[in-house]
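Visitor: I have a structure I would like to understand better, so I am pasting it below and will then ask my questions one at a time.
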Amino acid sequence: MSQLALVTGASSGIGCAFARALAADGFDLIVVGRRRDRLDALAAELTGVSTRVVAADLSTLAGIEQVAELAATNPLTMLVNNAGVAHYMPFAELPASKAQELVDVKVLAPTLLTRAALNGMLERTAGTIVNVAGMIAFSGPADAAAPQGQRAVYAGSLAYLVTMAQTLNAELAGTGVTAHVVCPGIVATEFHEVQGMDLSALPRMTAEDVVTATLAGIALRETVIAPGVQDAALLPRVFDAELAAFHGQSPQLASRYRDV
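Residue numbers (my numbering): 67 to 326.
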């Protein structure tokens, strides 16, 4: 039986690497991006599989609805929510239009595309959902002087993708459908260049390594896949601490908040 993957943000970087890797594994593809010329070039390159090109802008409701319809009506084996945008600047200086674009691309689109694909996957008792986030999802405690500062909305949107994947994967236990999130660090793509940032002097992971880690992490049944984190116990310790805080609550006011 043929396998079919829908990959957003496939015109460059990690999305393009996902398309190539999945095609090499025999997946037919629906590749989504804003730049049709690049998608057409990618489709021409991917011989031996069927590749459907869809030019859509996931920062718009029309674009999201267009792709959601495809996710709902095609027998997807895998959905890769990879499309991304980043506007790095202090929150008070972030134009409302750019804040909305971030939320639409990194929160609304993955939510609605996953929702569209899920029922079919559940009916077929098989499917894999992958959200592409980043280690910045864990940068909340950092101060503004840290390298990951000045990106409150971006970091928040990635944290959403982590929690969404964790909660959804638990909900899907026993259905044959799984949800995952991949959290790379700095990746050698044009993602930062379009923001006017030159990170070429910094050590960076390749997009191909991110995809290799993701596919291996899925096989290892990791919900949160961190390609650059060598200590496999590090993130589980973070999540154990989160659960300890969650379960440590009570309906009584904590003593430190009394008589302040």
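Here a beta-carbon is modelled for each residue, glycine too, at the ideal position from N, C-alpha and C.
Could you compute how far the alpha carbon of A338 sits from the alpha carbon of S321?
Guide: Because the chain spans 67 through 326 in this model, residue 338 falls outside it and cannot be assessed.
Visitor: In whole angstroms, what separates the C-alpha of R100 from that of A122?
Guide: Each residue's alpha carbon lies about 5 Å from the other.
Visitor: Give the DSSP bridge partners of I284, in chain order.
Guide: BP columns for I284 are empty, so no partner.
Visitor: Going by DSSP, what residue range makes up the alpha helix (DSSP H) through I96?
Guide: Taken as a continuous stretch (DSSP letters only), I96 belongs to no alpha helix (DSSP H), being part of the beta strand (DSSP E) at 93-99.
Visitor: Less than 8 Å between the CB atoms is what I'm expecting for V196 and T280, so what's the real figure, rounded?
Guide: Confirmed, about 6 Å.
Visitor: Are three or more beta carbon pairs between the stretch 306-326 and the stretch 280-291 nearer than 8 Å?
Guide: No, because fewer than three Cβ pairs between the stretch 306-326 and the stretch 280-291 fall closer than 8 Å, the two stretches do not touch.
Visitor: Taking one C-beta from the stretch 145-165 and one from the stretch 111-119 each time, how about it: are there three or more such pairs within less than 8 Å?
Guide: No, they do not touch.
Visitor: I think A199 touches L224, with their Cβ atoms under 8 Å apart; what is that distance to the nearest whole Å?
Guide: With a Cβ gap of about 4 Å, A199 and L224 count as contacting.
Visitor: From the DSSP output, in three-state form, read off I252 for me.
Guide: If DSSP states are grouped into helix, strand and coil, I252 belongs with coil.
Visitor: DSSP state of L319, grouped into three classes?
Guide: If DSSP states are grouped into helix, strand and coil, L319 belongs with coil.
Visitor: For R118, which beta-bridge partners are listed by DSSP?
Guide: DSSP output for R118 lists I96 as bridge partner(s).
Visitor: How many Å lie between P250 and V326 at the Cα?
Guide: Taking the straight line joining both Cα atoms gives about 42 Å.
Visitor: So what does T194 bridge to, in DSSP terms?
Guide: DSSP, once it has assigned bridges, lists M144, T244 as partnering T194.
Visitor: Name the two residues that bound the continuous beta strand (DSSP E) containing A71.
Guide: Residues 69-74.
Visitor: Determine the DSSP secondary structure at M271, reduced to helix, strand or coil.
Guide: Of the three classes helix, strand and coil, the one that applies to M271 here is strand, per DSSP.
Visitor: Taking the alpha carbon of R190 as the point to measure from, which residue in L179, G206, G242, E237 has its own alpha carbon closest?
Guide: When only C-alpha atoms are compared, the closest one is G242.
Visitor: With Y226 as the anchor, note down where its alpha helix (DSSP H) starts and where it stops.
Guide: That run of the alpha helix (DSSP H) goes 218-237.
Visitor: Report back the beta-carbon spacing between V276 and A83 to the nearest angstrom; my notes put them in contact at under 8 Å.
Guide: Sure, about 7 Å apart at Cβ, within 8 Å.
Visitor: Note down, one range per segment and in chain order, each alpha helix (DSSP H) of at least 4 residues found wholly within the stretch 144-190.
Guide: Here the runs fully enclosed are 162-169, 175-190.
Visitor: Give me the Cα-Cα distance between T244 and M230, rounded to the nearest whole angstrom.
Guide: Approximately 12 Å between the Cα atoms of the pair.
Visitor: How would you label S78, buried or exposed, when you count the other beta carbons within 10 angstroms and need 16 or more for buried?
Guide: Counting Cβ neighbours within 10 Å, S78 comes out buried, since at least 16 surround it.
Visitor: Alpha carbon to alpha carbon, how far is V98 from N140? Give it in angstroms, no decimals.
Guide: Going by the C-alpha atoms only, they are around 14 Å apart.
Visitor: If distances are taken between C-alpha atoms only, which option among L72, P293, G222 comes closest to F204?
Guide: Of the listed residues, the one whose Cα sits closest to F204 is G222.
Visitor: So which of L168, Q69, V73, R270 has the shortest CA-CA distance to N147?
Guide: Answer by Cα proximity: V73.
Visitor: Reducing DSSP to helix, strand and coil, say where V326 ends up.
Guide: Three-state result, V326: coil.
Visitor: Please work out which residues of its chain come closer than 6 Å, Cβ to Cβ, to D94, disregarding the five sequence neighbours upstream and downstream, and give them in chain order.
Guide: Excluding sequence neighbours, D94 sits near S68, L70, V115, S116.
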